[in-house]
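Taken in order, the sequence shown gives residues -22 to -1, 1 to 932; the numbers are from mature numbering (1 follows the signal peptide of the UniProt record, and there is no 0). Backbone N, C-alpha and C fix where the C-beta goes; we use that ideal spot for every residue, glycine too. Just so we're clear, the structure is a prediction, and the values are computed from it rather than from any experiment. Worksheet: one structure, shown below.
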Amino acid sequence: MFVCFKIIILLLSCNFCAFVYTQDSSCCQHATEHFPQCWGACEQLATIRSESRLRHLLLRLPSYCPETLSELWICINNTLPGASKKSDGWVGLGCCELAISAECRRDCKQASSKNDITKVCKKDTEKPLYSCITKNEMGSVCCSYAGRHTNCREYCQAIFRTDSSPTVSQINAVKEYCQSISPQLISCVANYTKSYPIRSPIDSLYCCDRAEEAHCQTACKRILRTMTTEQEIMDGLITECGSQPLPQDPLWHCFLGSAHPPARSDPESPPIAKMDCAKLHCCSKANTSLCRDICTEISTNWGTQTWQEFDQRCEYNPVEMDLITCLADVREPCQLGCKDLTYCTNFNNRPTELFRSCNVQSDQGAMNDFKLWSNGTIRMPFMNIPVLDIRKCQPEMWKAVACALQIKPCYSKSRGSVICRSDCVDILTHCGDRKRFLDEQTPERICDMLSPTDDPERCIPLKKYLNPSPFDNFIEEVIHPCNPNPCPSNHLCEVNRKGCHPGQVCLPFFCVPGCKLGEASEFLVPMDARIQVPTRNRQVGCYEVCTCGQSGRLENCAEMPCLDTTRTCLVAGQRKSHGTSFRVDCHQCSCFSGDTICSSRQCLRSDSTDEERLSFTGLPCGCADHFIPVCAHNGRTYPSACVARCVGFRDNQFVFGSCRSINHCSSNSCQRNQRCVPKRQVCLTDHTEYPCPQYECVSRPSGCDQNQLDPVCDTDNIEHANLCLLHLLGKTLAYMGHCQDSCRKPREVCGHNGETYSTVCEAFSDRVAVDYQGHCHAVGAVSEFTSDSGCNAVPCPPLSTEGCNPVTPPGACCPVCAGMLQILWNKAQMNTFAKLNRNNPVTVHDILKILRLHISVPQCDIFGYLSIDSDIIILIVPVDQQPTPLQIEACSKEAEKIDSLINSGSPTLVSHVPLSAFLNSEVKLSTISSAAAAPRSLSLFLLLLPLLLFPLAS
């Protein structure tokens, strides 16, 4: 079986590497007409770009393509590292640390040839070791052709030293220095490099910092960003930097001879290229020390390649569900919507359901799996399940299994991708081949390992996917412009909420450059984002905050104080571990490094009298529900001085009147050549240590980027492409976003934050949803037991959709059809982030700006504010004035998705600073009565278009 398993040994070890294998599709012609499954799998292999999909298919490839197809396997293997001549010496010594067993490591270090280790080091269990040896053998063979030509040999060896794909520069350097020396070397290296995709020039931006001259550093970065061909780049660097490409020059040595940037300037520090910081985030969630250690190893060092052990010991271990779900979030985040599948057609047109892997490759994989299972065995990493002929025994149910495991619907709590236990038992009871079951195997025992739950929020109910979606003709009501991802691999997709310049083709999405969380990571974060990542010393609870730089890499990292995650909290006589969330009376609480942090909302005792219930206002300190607003130093308007004092402000730290009614520019410290512009913000950091200014001093800009589109409207109702252009003309900002005719004349509205706005556009620009029309004059409900006397005189608008069961935000009078989150957060962490960010305060807008990127449906938008009780309130609201039931459901699903990511501490969300300070979340969702939820035939896309292009505040 060596001929077919050679590809598995060599390529499956790339599971935690950055490169993605690409197979020459011409090999597939050797898959004969008698093996259509093999042909389909081979063709699919040529298109895969995802590490997880590649690994999944390669594991099954020998099952699709038998060893008898020798020409196929020879063709495939010829695109991999291979040798035509044997090495003269033992080149595997440097690989010995990759051995999984201690005995193998010992024998490897004492061996003088590969034959010396084959008895102890088995190829099927020590694949990383043999993969490394094979690469070293290939490098030894190829580079030996260089003879005494030092430069040629060095450039050749650089090809095999790198853990990821060789760069174009590396390959061309070998050609330039070795072509006249040894055509055999060129051919040998070409045979190896064929297996790897070409790296982008911007992947080498970090090398520019190696240049000694500042002008060369600047020119290098410009050249790599703007030039595409190898010759252009080489010529440009030679011209601008005035140096020839010699190995001893630090710039050229890096550019031509290394595939990875250093993590820091310290040469002793390990390279960040060998890390996957997103996966490393997850390792702390392991419940066993074994899985934590293996997870850490595969997340911080490509070379160890212990993922096989991880699969066997952890991937299907029920006690490691938190860890497995977190890793799944990193590899394949849950996204709304599924469409364009040709095999798993029952999964199409489900715009309000979450899926991890709705794409062509998964669709093809499901079809291949069904055909493979038709042979009578389902092969798992730790067991084989014998089955009857599934083409005759419940074929539609088996198709649903194959599709569910490939397309991966994910649900609110676990977001795992396992089928429900009852479905598993049922299908194996009817279609399991009992004659071939092992002695201890029964459908129940098998399913206890594969599908241990029937909780509908933690497993996939197969019967749901036995029939097509009921929304077959209504999917335009909810669109998903970023699913599947239309952007290049190094860009993120963002929903276009800004519109386009006149005359441009207006797509519903943007592609924006991003950074990987470590070179080995597939997970991207936006440019300029501040990200919290685990430190490279692997110590649990130690993090650093980095910025996604223009080079496309994390940079400017600053370490945070380490957290003692071993400290517990004592609550009502019970110990709570770090990160645990729980309730105390009506409070949501969390244990954070030994400190119990709870919401400050007021609770009504369960044994309260009727009189106490009637007098209970729910306000802090039992304050009366009188609306006499004051503006505190954190920029938040509180309904009374009593409430402001109760939440911690002294009398000299607030003034009477709402914050928006105060002219903060009347006593500013701007210079004479600067203009004072209101900058109203609500700060989440300590206002005494990190002041929360409500204005900024702006100089008239000398020039603006005409191409930047972030529309704003001035007080004369004239629209400008961006804020810089507005300031350039000396105009006054009315609100962010396109000018709206409905906001041309003032018409006061009251926002959920208790502020009065001149127009609804001003409120939306402040990312605040409207409570009711008119001036704010009432204290809204802050508790389910709150007396509503303050809101009795408020005429609430009718609900946007008939049959909606709404939610009422804290401090509001009127209910809304939306998804709502109440988030508990850690102020000490917020202060730490402010300190690391040059003492700039963290604001509610900072939170909303990041969360908005996670709203993938343009028919929904995000609003939020700081509640009286200091919770962060998030509302995800349909943008249409009369949304369909499907749109309301989509917005609720978006809220449910974010709530789940917060409560699980998923790095896809909480690695973003300042979201890292979130402790837990409570979600309340609007639902639609069954009568109103029937699909509607009218597409509202054209009606939505004006609102979709209204960006509000960006």
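Backbone secondary structure at residue i - three-state DSSP
{"i": "residue 888", "result": "helix"}
{"i": "residue 242", "result": "In this predicted model, residue 242 has a pLDDT of only 36, less than 50, meaning its place in the structure is not dependable enough to derive any value."}
{"i": "residue 138", "result": "helix"}
{"i": "residue 754", "result": "coil"}
{"i": "residue 604", "result": "coil"}
{"i": "residue 582", "result": "coil"}
{"i": "residue 200", "result": "helix"}
{"i": "residue 476", "result": "coil"}
{"i": "residue 611", "result": "coil"}
{"i": "residue 500", "result": "coil"}
{"i": "residue 570", "result": "strand"}
{"i": "residue 880", "result": "helix"}
{"i": "residue 288", "result": "helix"}
{"i": "residue 489", "result": "strand"}
{"i": "residue 633", "result": "strand"}
{"i": "residue 933", "result": "No statement about residue 933 is possible, as the shown extent of the chain runs from -22 to 932 and does not include it."}
{"i": "residue 772", "result": "coil"}
{"i": "residue 190", "result": "coil"}
{"i": "residue 780", "result": "coil"}
Closest by C-alpha distance to residue i, when choosing among the options
{"i": "residue 297", "options": "278, 267 and 315", "result": "267"}
{"i": "residue 498", "options": "215, 602, 408 and 277", "result": "277"}
{"i": "residue 214", "options": "227, 199 and 228", "result": "199"}
{"i": "residue 564", "options": "549, 857, 580 and 575", "result": "580"}
{"i": "residue 479", "options": "699, 718 and 662", "result": "699"}
{"i": "residue 758", "options": "786, 747, 735 and 776", "result": "786"}
{"i": "residue 720", "options": "691, 162 and 670", "result": "691"}
{"i": "residue 308", "options": "907, 892, 888 and 901", "result": "888"}
{"i": "residue 544", "options": "538, 537, 525 and 569", "result": "569"}
{"i": "residue 340", "options": "649, 368, 351 and 380", "result": "380"}
{"i": "residue 822", "options": "783, 832, 663 and 706", "result": "663"}
{"i": "residue 629", "options": "643, 637, 646 and 611", "result": "611"}
{"i": "residue 667", "options": "810, 355 and 859", "result": "810"}
{"i": "residue 862", "options": "456, 589, 735 and 754", "result": "456"}
{"i": "residue 203", "options": "529, 642 and 609", "result": "529"}
{"i": "residue 378", "options": "367, 355, 365 and 347", "result": "347"}
{"i": "residue 370", "options": "835, 385 and 349", "result": "349"}
{"i": "residue 741", "options": "756, 712, 760 and 769", "result": "712"}
{"i": "residue 526", "options": "515, 755, 510 and 95", "result": "510"}
Contact set for residue i: own chain, Cβ-Cβ below 6 Å, skip 5 residues either direction
{"i": "residue 895", "result": "803, 804, 807 and 808"}
{"i": "residue 186", "result": "195, 198 and 199"}
{"i": "residue 686", "result": "700"}
{"i": "residue 599", "result": "624"}
{"i": "residue 899", "result": "799, 801, 877, 880 and 881"}
{"i": "residue 731", "result": "746 and 843"}
8 Å CB neighbourhood of residue i in its chain, flanking five on each side removed
{"i": "residue 219", "result": "189, 191, 194, 197, 198 and 229"}
{"i": "residue 49", "result": "8"}
{"i": "residue 606", "result": "617, 618, 619 and 634"}
Buried or exposed by the 16-neighbour rule on C-beta atoms within 10 Å, applied to residue i
{"i": "residue 723", "result": "exposed"}
{"i": "residue 361", "result": "exposed"}
{"i": "residue 461", "result": "buried"}
{"i": "residue 275", "result": "buried"}
{"i": "residue 562", "result": "exposed"}
{"i": "residue 259", "result": "buried"}
{"i": "residue 839", "result": "buried"}
{"i": "residue 782", "result": "buried"}
Neighbourhood of residue i by C-beta, 7 Å cutoff - its chain only, sequence neighbours within 5 removed
{"i": "residue 845", "result": "788, 789 and 851"}
{"i": "residue 357", "result": "41"}
{"i": "residue 402", "result": "425, 428 and 429"}
{"i": "residue 407", "result": "421"}
{"i": "residue 601", "result": "595, 618, 620, 621 and 624"}
Contact test: residue i Cβ vs the ligand ADP heavy atom, cutoff 7 Å
{"i": "residue 108", "result": "The ligand ADP is absent from the structure shown, which contains no ligand whatsoever."}
task = Could you tell me which uninterrupted beta strand (DSSP E) segments, each at least 3 residues in length, are contained entirely in the stretch 398 to 440, listed from first to last along the chain?
result = If only uninterrupted beta strand (DSSP E) runs of at least 3 residues are considered, none is enclosed by the stretch 398 to 440.
query = Mind pulling the alpha helix (DSSP H) runs of 4 or more residues that sit fully within the stretch 656 to 713?
reply = 701 to 706
query = Curious, which full-length beta strand (DSSP E) runs of at least 3 residues does the stretch 312 to 388 contain?
reply = Counting only runs of 3 or more, we get 355 to 357 and 362 to 364.
task = Could I get the ranges of all uninterrupted alpha helix (DSSP H) runs contained in the stretch 821 to 881, with 4 residues as the minimum, in chain order?
result = 822 to 830 and 863 to 881
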